[in-house]
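In the working numbering, the protein residues as written are 260 to 404. Contents: one structure, followed by commentary.
Structure below.
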């Protein structure tokens with residue numbers, strides 16, 4: 260996939276059904292392995308968390324995923340990156356992550372995130388310079404910068 264084809268747009272209420280299905284498709288396996296809830300209520304709660312910070316990953320008019328981030332003055336947070344399984348492995352998440360980190364570097368702020376243990380995104384985050392700074396029974400807190 261040509262990286263220039265991938266764009267972000269603000270999520271709207273009309274995107275909620277897509278985002279719910281995306282979350283189930285991308286997170287159920289990881290949540291179940293971690294012993295975290297996978298019920299509908301838990302998914303809706305997480306989906307709606309910081310919804311104003313949610314962006315739809317698009318290629319043209321096609322929705323490919325979600326990029327949710329927080330840009331505070333002294334630190335930025337990647338809340339979620341979710342790409343449809345049919346589009347995973349094409350470098351989309353790496354492209355989004357790289358662009359976000361370039362912006363963070365330009366702003367001179369560190370970036371943090373949390374990833375469930377066993378999630379293959381962990382190696383992607385390591386490649387981009389994230390290091391584990393803390394952990395729980397189910398997740399790793401990572402930081403860069």
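From the three backbone atoms N, C-alpha and C, an ideal C-beta is built for every residue, glycine too. Since the model is a prediction, treat every value here as computed from it, not as a measurement.
Which of the three DSSP states, helix, strand or coil, is assigned to residue 362? Working through the chain shown from its first residue, we reach residue 362 at position 103. Secondary structure at residue 362: helix, using DSSP grouped into helix, strand and coil.
Would you give the residue range spanned by the beta strand (DSSP E) that residue 268 belongs to? As a first step, residue 268 is located in the chain shown; it is residue number 9 there, counting from the start. 265-269 is the extent of the beta strand (DSSP E) around residue 268.
At what residues does the alpha helix (DSSP H) containing residue 382 begin and finish? On the chain shown, position 123 is the one that residue 382 refers to. Counting along the chain, the alpha helix (DSSP H) containing residue 382 begins and ends at 380-386.
Hey, out of 279, 334 and 306, whose CA is closest to residue 367's CA? As a working note, residue 367 is residue 108 in the chain shown. The shortest C-alpha separation from residue 367 is found at 334.
Take residue 348 as the anchor and find which of 323, 288, 270 and 364 has the nearest alpha-carbon. For the purposes of this step, residue 348 is taken as the residue at position 89 of the chain shown. It is 323 whose Cα lies nearest to the Cα of residue 348.
Exposed or buried, which one is residue 384 when buried takes at least 16 other CB atoms within 10 Å? By 1-based counting over the chain shown, the position of residue 384 is 125. Residue 384 is classed as buried because its beta carbon has at least 16 other beta carbons within 10 Å across all chains shown.
Do residue 287 and residue 297 have their C-beta atoms closer together than 8 Å? One-based indexing of the chain shown puts residue 287 at position 28. One-based indexing of the chain shown puts residue 297 at position 38. The answer is yes: Cβ separation under 8 Å.
Between the Cα of residue 392 and those of 378, 372 and 382, spot the shortest distance and give me the residue it belongs to. Walking along the chain shown from the start, residue 392 turns up at place 133. Of 378, 372 and 382, the residue nearest in Cα terms is 372.
Could you give the distance in angstroms between the alpha-carbon of residue 406 and the alpha-carbon of residue 337? Absent from the structure is residue 406, since the part of the chain shown begins at 260 and ends at 404.
Between 387, 266, 374 and 357, which lies nearest to residue 399 when the distance is taken from Cα to Cα? Within the chain shown, residue 399 is the residue found at index 140, counting from 1. Here the closest residue by C-alpha is 374.
Determine the contact status of residue 341 and residue 266, defining contact as a CB-CB distance below 8 Å. If you number the chain shown from 1, residue 341 lands on position 82. If you number the chain shown from 1, residue 266 lands on position 7. No, these two residues do not count as a Cβ contact at 8 Å.
Taking 8 Å as the threshold (C-beta atoms), are residue 307 and residue 282 in contact? As a working mapping, residue 282 is identified with position 23 in the chain shown. As a working mapping, residue 307 is identified with position 48 in the chain shown. No, Cβ-Cβ distance for residue 282 and residue 307 is not below 8 Å.
Any idea if residue 351 is buried or exposed, counting beta-carbon neighbours within 10 angstroms, 16 or more meaning buried? Position 92 of the chain shown, counting from 1, holds the residue named residue 351. With 16 or more other Cβ atoms within 10 Å, it is buried.
DSSP on residue 352, reduced to helix/strand/coil? In the chain shown, the residue the question calls residue 352 occupies position 93. Here residue 352 sits in helix by DSSP.
Quick check on residue 274: buried or exposed, where buried means 16 or more other Cβ atoms within 10 Å of its Cβ? Within the chain shown, the letter at position 15 stands for residue 274. Buried, since its Cβ has 16 or more Cβ neighbours within 10 Å.
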